[in-house]
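Numbering (the working numbering), first residue to last: 99 to 414.
If you want it as structure tokens, here you go:
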């Protein structure tokens, strides 16, 4: 029954609010990029994934880090985690989802919250070179990570996983972000996604209708028009239902931790899978009172954040 009743996280003084915890690292944290070595992985469908590495001369353990919505391997949360693990002797792979590496992907489709095939391809590509492999996922990348562990025949050398701030139930998370205090985040995501659709329109002019794109303000509008049809879903609602990891968390059979803050402005109550943790031998849930969305700032000037230390502690 790995439902963790307490958490060691304590927010830095003056920034305990969920929005401040979410925004602070984006605006003020600076982490040098440590994953300098880029590898392009060609996909069977003609597309590609860019994999960014930090490797030691000899290491038999690897951590694979998956970023969130409209993020990339260069995000401060990814590089902070990569640095923490690299300095403890791990090889680190921070991979970029399709269209997130700074170069548009080749196909009309891109990525979505339930896309486990690409993560599977990455893991299958790298796992033969390591004795032990661990997974870390943030937000959307955490949903993909948990879904991978729940629904696929995973690589036999995966020994553990940690995820942070995961919208386990996408329908209710979208509703949460549509509330007045969530719209600042939605606007930022839609602005970034809108630019990608315009770029794709320039290469696939007959296959995309952008007449309403400029007026879209919600995930329901965007996912209905683009995410769902481009990735084989009937509707936005069908996409959110089928892409959510929540219904299948009980299938996880490797030691896994989900850390989500109670004051996360992206998450609804349904995104905290207490029942799944109570019923599982493998799936651990930790819910600190503060931390925001992928924030967890316990000190304004510490080189290593609390959640990086927590991931190292759990994955050993």
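Virtual Cβ for every residue (Gly too), placed ideally from N, Cα, C. Just so you know, these numbers come straight off a predicted model, no measurement behind them.
Here residue 335 has 269 as same chain residues with Cβ atoms under 8 Å from its own Cβ, once five neighbours each way along the sequence are excluded. In the three-state scheme derived from DSSP, where H, G and I count as helix and E and B as strand, residue 146 is classed as strand. Assigned with DSSP and collapsed to three states, residue 140 falls in strand. Note on residue 212: 16 or more other CB atoms within 10 angstroms of its CB, so buried under the neighbour-count rule. Cβ-Cβ distances below 7 Å link residue 157 to 187, 188, 189 in the same chain, with the five nearest sequence neighbours on each side left out; the list follows chain order. If you compare the alpha carbons of 147, 263, 199, 249 with that of residue 392, the shortest gap goes to 263.
In the same chain as residue 148, and ignoring 5 residues on each side of it, the C-beta atoms closer than 7 Å to its own belong to 136, 138, 194, 199, in chain order. Between the segment 323-335 and the segment 217-237 there are fewer than three inter-stretch CB-CB distances shorter than 8 Å, so the stretches are not counted as touching. Short of 8 Å from the beta carbon of residue 117, and not among the five residues preceding or following it, lie these beta carbons of its own chain, in chain order: 279, 363, 390.
Distance from the CA atom of residue 409 to the CA atom of residue 260, rounded to whole angstroms, is 6 Å. Partner residues in the beta bridge of residue 194, as assigned by DSSP, are 148.
Closest option to residue 224, judged by alpha-carbon separation, among 191, 215, 239: 191. Here residue 348 is near residue 374, since their CB atoms are less than 8 Å apart. Proximity to residue 367 across 266, 398, 125, 111 peaks at 266, based on C-alpha coordinates. By the neighbour-count definition (other C-beta atoms within 10 Å, threshold 16), residue 124 is an exposed residue. Residue 173 has its alpha-carbon roughly 18 Å from the corresponding atom of residue 242. By the neighbour-count criterion, in which a residue is buried when 16 or more other Cβ atoms sit within 10 angstroms of its Cβ, residue 182 is buried.
Excluding its 5 nearest sequence neighbours in each direction, residue 209 has C-beta neighbours in its own chain below 8 Å: 195, 196, 197, 198, 216, listed in chain order.
The C-beta distance from residue 356 to residue 274 rounds to 17 Å, too long to meet the 8 Å contact threshold.
DSSP places residue 163 within a strand segment (E or B) once states are collapsed to three. Annotation: the segment 251-298 contains the following complete segments of the alpha helix (DSSP H) (minimum length 4 residues), in chain order: 268-275.
DSSP, reduced to helix, strand and coil, places residue 220 within a helical segment of the structure shown. For residue 381, the beta-bridge partners assigned by DSSP are 354. For residue 142, the closest alpha carbon among the candidates 296, 128, 220, 108 is that of 220. Measuring C-alpha to C-alpha distances from residue 385 to each of 359, 400, 395, 378 identifies 359 as the nearest. For residue 150, the number of other beta carbons within 10 angstroms of its own is at least 16, and it is reported as buried. In the DSSP assignment, residue 235 is bridged to 164, 261.
Residue 176 and residue 152 do not touch by the CB rule: their CB atoms are close to 11 Å apart, not below 8 Å. Residue pairing by DSSP puts residue 230 in a beta bridge opposite 159.
If you draw a straight line from the Cα of residue 307 to the Cα of residue 296, it is about 10 Å long.
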